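Remarks on the structure that follows.
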Amino acid sequence: MTADPRISIQRWTNLSIGVAVVVAVLFVVLAAGPAFLSENLIDRLTVLFIYVCLAVMWNALAGYGGMISAGQQAFFGLGGYLAIRLSEWGVEPYVALILAALLAGVFSLPISAIVLRLRAGEFAIGMWVIAEVVRLLVNLDPIIQGDTGRSLIALATFDAVERRDYTYWLALVSMCFLLAVIFVMLRSRLGSSIQAIRDNEEAAASVGVRVLVTKRIIFVTAAIGCALAGGLWLATFTTFQPRSFFGIQWSAYMIFMVLVGGIGRFEGPILGAIIFFLIELWFGTAGVWYLVILGLTALLFSLFLPGGIWGYIEDRFHVLLLPVGYRVRMPGPSAEDADASQSVTAK
Amino acid sequence: MAFLTALVEGVLLGGYYAMLACGLSFMFGVMRIINLAHGSLAIVAAFALWTIADRYEYDPFLALIVVLPVMGGLGWLLQRGILERSARSGELIPILSTFGLAIVVENVLFECFGADIRSLAPYVGSLAYDSFDLGGGSYIGELAVLTFAVAILLLGGLQLFLTYTPLGRQIRATAEDPDTVELVGVNSRFVNAMAASIALVTVGLAGLFLALRSNFDPYAGSLQLIFAFEAGVIGGTGSLWGTLAGGIILGLAQTLGAHIHPQGFLLAGHAVFLLVLVGRLYISRHALRGFLKARLGW
């Protein structure tokens with residue numbers, strides 16, 4: 000079979016090249032942020048970067064891998080706890096954060112052996128149980144002092160301004176690194192494999208996709224990313240309390256960000272994290288009602304707009320800011336309509 | 000002797016878990032949906048019963064006459080309003096919707112009732128602390144025995160209902176193949192909504208016994224969901240009596256774990272659950288048969 004020479008596969012469009020340039024410029028501007036932004040804004044942006052990390056990781060797991068986890072707080076908490084543990088052993092605090100994330104990745108391997116064969120809802124609650132187990136085990140460590148928690152004391156060796164800037168830069172670099180990793184992964188063969196598994200595990204296996212290995216790569220990546228976010232959260236707020244680090248609210252936040260932004264779209268979780276960040280900024284003081292609104296919004300999106308805001312924009316206007324899919328350009332007047340960028344992810 | 004008492008307590012606690020888990024397994028069996036709001040809805044029933052008992056001074060058992068039909072109605076609404084719609088977008092979306100629902104339910108409960116820890120035990124006279132003398136200085140709570148008996152009745156009743164009534168047959172048929180039953184004149188939407196109602200009635204009953212045997216607060220639901228899920232998985236989803244076995248194994252693990260270490264109650268329960276998962280994965284039927292052949296010459 001010879002392909003029609005007029006049909007071509009396109010990945011980068013003029014728009015997405017433009018966007019990539021804008022992203023690069025934005026990164027440079029943000030990196031220079033501490034020079035001209037207020038301390039308050041630096042703190043807030045650090046939190047935003049951590050939210051983006053979490054949302055992107057959860058989206059990689061759920062939106063691309065089809066693994067909806069109600070227990071990613073297991074790794075978020077583990078990242079915080081291991082950072083404390085390593086720092087107590089004399090590791091320099093910022094190094095400890097990164098090592099903790101990698102260690103959490105190592106711990107996620109045996110966990111993956113247990114949970115990866117669970118399907119859909121079973122996986123979701125199975126991960127929730129894992130998070131509970133990890134919390135209970137961490138509670139057994141005497142340095143955590145039960146629910147009292149422990150501070151990352153070693154951070155006190157830096158002065159307040161230095162600490163703020165270092166944490167900000169580390170959060171910025173972590174976010175960009177995780178985004179880049181997911182971007183490269185999705186554009187590679189792995190990206191097609193994992194989406195094939197999400198859509199139909201048996202069918203994917205039948206055409207030679209190595210189901211368990213592929214799922215494990217995504218799972219471990221998401222574990223490392225969430226643990227890194229947990230470590231950064233610890234560096235920002237200094238105190239590790241098992242109950243708040245391992246709390247189910249983290250899953251609620253991740254689900255909210257990804258669902259509202261657009262599940263299974265590269266740009267979705269970034270948009271979702273920004274929306275979540277703004278809602279928290281404006282309504283976070285409303286206490287429990289704020290959580291009711293979050294839950295209700297997630298519920299309504301799942302019922303009426305399961306593709307999220309970005310999914311709606313993308314389907315409606317065929318824009319694709321960062322190219323993780325393929326576009327098939329067909330001859331004829333309907334060239335732009337034949338957008339197959341998402342058709343690898345047949346619904 | 001204390002060990003023996005712990006064993007009996009564990010088995011009886013298993014009755015409660017079976018009661019809690021059967022609604023979750025039932026819904027999963029019929030609609031292939033795991034309802035993450037399951038635990039929070041049990042807490043809703045507990046608060047409803049508590050309100051009736053506290054404000055109007057009715058006996059909590061009598062209050063069931065009001066609360067169980069309301070729970071059934073909630074089940075109907077849950078199926079028609081949320082599950083049916085979200086299931087159309089694939090098997091993953093119902094997980095997200097029911098998780099969102101759980102967050103809404105528990106935080107609304109918190110707004111209405113605050114953070115105080117409540118219990119129904121003060122409203123049932125001496126039932127909460129009366130016990131049977133087993134001799135040798137060991138006692139077994141009357142409430143625990145009652146819970147176990149109700150669980151057996153509930154599971155048996157469900158079994159009879161599914162086997163012998165027309166609606167029961169329709170539910171089983173819909174669970175097998177919702178499209179084909181439509182061809183023979185069954186309204187599968189109606190059947191699913193009825194199944195959800197029945198599931199939530201069992202959740203209401205579980206809410207009563209939860210509130211009688213322990214304290215609860217608005218956020219107590221997630222742990223109950225986890226227990227229900229663990230009992231279901233240990234027993235093997237899809238079988239009512241398996242759920243009872245799963246509940247008993249979970250209850251035994253927890254009471255014996257609590258015997259060993261103060262944190263052991265939860266850890267031992269989770270550990271047994273994880274062991275069962277590992278077992279389920281690595282001892283496939285094929286491997287087991289090979290093992291039996293090699294070792295026992297079968």
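As they're listed, the protein sequences go chains A and B. When you line the first sequence up against numbering that gives the first Met the number 0, it's residues 0 to 346, in that order. When you line the second sequence up against numbering that gives the first Met the number 0, it's residues 0 to 297, in that order. Glycine included, every Cβ here is placed at the ideal spot set by N, Cα and C. This structure is a prediction, so every number in the text was calculated from the model and none was measured.
DSSP-derived helix/strand/coil call for residue i
i, result
"B/Phe312", "Residue 312 of chain B cannot be examined here, being either before or after the span of chain B that is shown, 0 to 297."
"A/Ile273", "helix"
"A/Phe245", "coil"
"A/Arg392", "Because chain A here runs from 0 to 346, residue 392 of chain A falls outside it and cannot be looked at."
"B/Gly140", "strand"
"A/Ser354", "There is no way to answer for residue 354 of chain A, as the model of chain A reaches only from 0 to 346."
"A/Ser7", "strand"
"A/Leu280", "helix"
"A/Ser342", "Confidence at A/Ser342 is low in this model, with a pLDDT of 38, below 50, so the placement of that residue should be treated as unreliable; the coordinate-derived value is given next. In this structure, A/Ser342 counts as helix in the three-state DSSP scheme."
"A/His317", "coil"
"B/Gln223", "helix"
"B/Ser39", "helix"
"B/Val183", "coil"
"A/Gly64", "coil"
"A/Asn39", "helix"
"A/Gln71", "coil"
"B/Ser238", "coil"
"A/Thr12", "coil"
"B/Thr97", "helix"
"B/Met18", "helix"
"B/Val123", "coil"
"B/Glu110", "helix"
"B/Gly231", "helix"
"A/Ala334", "Because the pLDDT of A/Ala334 is 42, which lies under 50, any placement of that residue in the model is unreliable, and the question is left without a value."
Proximal residues of chain B, C-beta to C-beta of residue i below 7 Å
i, result
"A/Ala251", "Ile102"
"A/Arg116", "Leu280"
"A/Ser187", "The contacting residues do not exist; A/Ser187 stays about 23 Å from chain B at best."
"A/Leu298", "Ser96, Gly99, Leu100, Val103"
"A/Leu258", "Leu95"
According to DSSP, residues forming a beta bridge with residue i
i, result
"A/Thr238", "A/Ser150"
"A/Ser107", "Paired residues: none, contrary to the question."
"B/Arg117", "B/Phe215"
C-beta contact flag for residue i and residue j at 7 Å
i, j, result
"B/Val183", "B/Thr173", "no"
"B/Leu153", "B/Met18", "yes"
"A/Leu108", "A/Gly230", "no"
"B/Gly13", "B/Gly246", "yes"
"B/His37", "B/Leu48", "no"
"B/Gly263", "B/Ile42", "no"
"B/Ala227", "B/Ala20", "yes"
"B/Ser88", "A/Pro305", "yes"
"A/Pro33", "A/Arg134", "no"
"A/Gly76", "A/Phe244", "yes"
"A/Ala228", "A/Ile49", "yes"
"A/Leu169", "A/Thr237", "no"
"B/Gly9", "B/Gly234", "no"
"A/Gly307", "A/Cys52", "no"
"B/Leu239", "B/Leu157", "yes"
"A/Ala123", "A/Val257", "no"
Where residue i meets chain A, residues with beta-carbon distance less than 9 Å
i, result
"B/Glu229", "Ile124, Val128"
"B/Val65", "Within chain A, no residue comes near B/Val65; the closest Cβ sits about 26 Å away, beyond 9 Å."
"B/Leu35", "Ala69, Gly120, Ala123, Ile124, Trp127"
"B/Leu265", "Glu131, Val132, Leu135"
Contacts that residue i makes with chain B (C-beta to C-beta distance below 8 Å)
i, result
"A/Ile67", "Leu91, Ile94, Leu95"
"A/Leu295", "Gly99, Val103"
"A/Leu178", "In chain order: nothing, as chain B lies at least about 23 Å away."
"A/Ile113", "Leu273, Leu276, Val277, Leu280"
"A/Ile254", "Leu95, Phe98, Gly99"
Contacts that residue i makes with chain A (C-beta to C-beta distance below 8 Å)
i, result
"B/Ser85", "Ser301, Leu302, Pro305"
"B/Gln262", "Leu135, Asn138, Leu139"
"B/Glu110", "Val287, Trp288, Val291"
"B/Phe81", "For clarity, residue 81 of chain B is Ile in the given sequence; the question names Phe instead. What B/Ile81 touches in chain A: Leu298, Leu302."
"B/Val107", "Val291"
"B/Ser221", "Trp127, Ile247"
"B/Ile225", "Ile124, Trp127, Val128, Glu131"
Under 9 Å by beta carbon: chain B residues contacting residue i
i, result
"A/Val212", "Those do not exist, as A/Val212 stays about 16 Å from chain B at its closest Cβ, beyond 9 Å."
Alpha helix (DSSP H) runs wholly inside the region 39–95 of chain B, at least 4 long, in chain order:
If one requires a minimum length of 4 residues, the alpha helix (DSSP H) runs lying completely within the region 39–95 of chain B are 59–76, 83–86, in chain order.
What ranges does the alpha helix (DSSP H) occupy inside the region 143–203 of chain A, keeping only unbroken runs of at least 4 residues that lie completely in it?
Annotation note: the region 143–203 of chain A contains the following uninterrupted alpha helix (DSSP H) runs of length 4 or greater, listed N- to C-terminal: 159–186, 188–198.
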